[in-house]
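Residue numbers (numbering that gives the first Met the number 0): 0 to 295.
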Amino acid sequence: MKVVAGPSSQELAHRVAEQLGINLVESSWKHFPDGEFYFRFHEDIAGEELIIVQSLYPPQNEHIFELLTIVHTAKDLEASKIIVFAPYLAYSRQDERYLPGEAITSKLLAEILCKIGIDAIYTVDIHNFKVLEYYTVPAYNLIASPLIARYFVESKRLTKPFLLAPDDEEAAIKRVEEASKALGGVPYDALEKRRDRYTGRIETKEKGLNVEGMDVVIIDDIISTGGTAANAARISKKMGARKIYVGVTHALLRGEALKMMEEAGVDEVASTDSVPAVTTKISVAPLLREALIRKI
Ligand code: R5P
């Protein structure tokens, strides 16, 4: 088994190879002046099991095409097994037709990947579990929230941590539940959030939180504009939280996201290497290792 480092996840691929104690495949890639993508394997991969590491963060469409190119080439050159590790699985927020006539882009991506020959896919903190059902090959979601919560509790030596999900969707609650369990029963709660499907505006309902004098760690899968985390931070502050931290798996950090969270009272943001960012402090590579070990 060998690791292929996709253009979007070069460092992560090295960490995955290191964690698994296996080598990277020798390959090279470039973009032509007009933007078209070129990829080449520099060794014979026939009969080889490959883990292709390519996170699909923005520019999503470019990263998706790079992944399709690598998978297609690997299949064509007769790799015996193709496992994709895409910690950020683009388009997972469009998991169904919310408004009449909408495209279900997560389904489109799943259908293409399966069609061109992947054997399995691993992702991290997928926005909606339903997307996994669109894959006709094994599709696994790994949960990073225990690693994220542990990062804050250990590095800040938190004695009174409180985990908070900024919305009450099934996946968000599961993330704080798992983190709480991993840390031996840290208290947690979830807020209720609604997003206007036409304007994108979000509203978070205020509710009583038992966080007086506690250090709140807001755990989310994605930070895009920062609005969701900022709302959760403001509510936590109002309820008497001491410090407020934001731990996120996929830090997309669009526009003024960091400033918005800081102004809402957030003391530190930490994210994983699913998306390389200024906030990256935690690696998702050990999650893949554990998942693969469990399968052996
Ligand atoms: C949505 O439900 C997700 O879990 C995140 O909370 C959301 O994508 C974050 O987006 P933003 O940072 O723009 O509020």
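We put the CB at the ideal spot given by N, CA and C, even for glycine.
Nearest Cα to D266 within the set K294, S235, S273, F64: S235. Residue pairing of E48 in beta bridges, as defined by DSSP: K80. DSSP, read as helix, strand or coil, puts L162 in strand. Membership of L141 in the beta strand (DSSP E) is indicated by the continuous run 138-141. Of the residues assessed, G226 falls on the buried side of the cut-off, its CB having 16 or more other CB atoms within 10 angstroms. A direct Cα-to-Cα measurement between F151 and Y244 gives close to 8 Å.
For the pair V175 and L286, the CB atoms are not nearer than the 8 Å cut-off. The C-beta of F64 has fewer than 16 other C-beta atoms within 10 Å across all chains shown, which makes the residue exposed. Counting along the chain, the unbroken beta strand (DSSP E) around I221 starts and ends at 214-222.
Excluding sequence positions up to five before and after K159, its CB lies within less than 8 Å of the CB of G212, M213, D214, R241, all in the same chain and listed in chain order. Between I69 and G116, the CB-CB gap reaches or exceeds 8 Å. Within 7 Å of the C-beta of T122 there is not a single heavy atom belonging to the ligand R5P. DSSP assignment within the region 168-248 yields the following whole alpha helix (DSSP H) runs of 4 residues or more, N-terminal first: 169-181, 226-237.
Judged by their CB atoms, V274 and A256 are not nearer to each other than the 8 Å cut-off.
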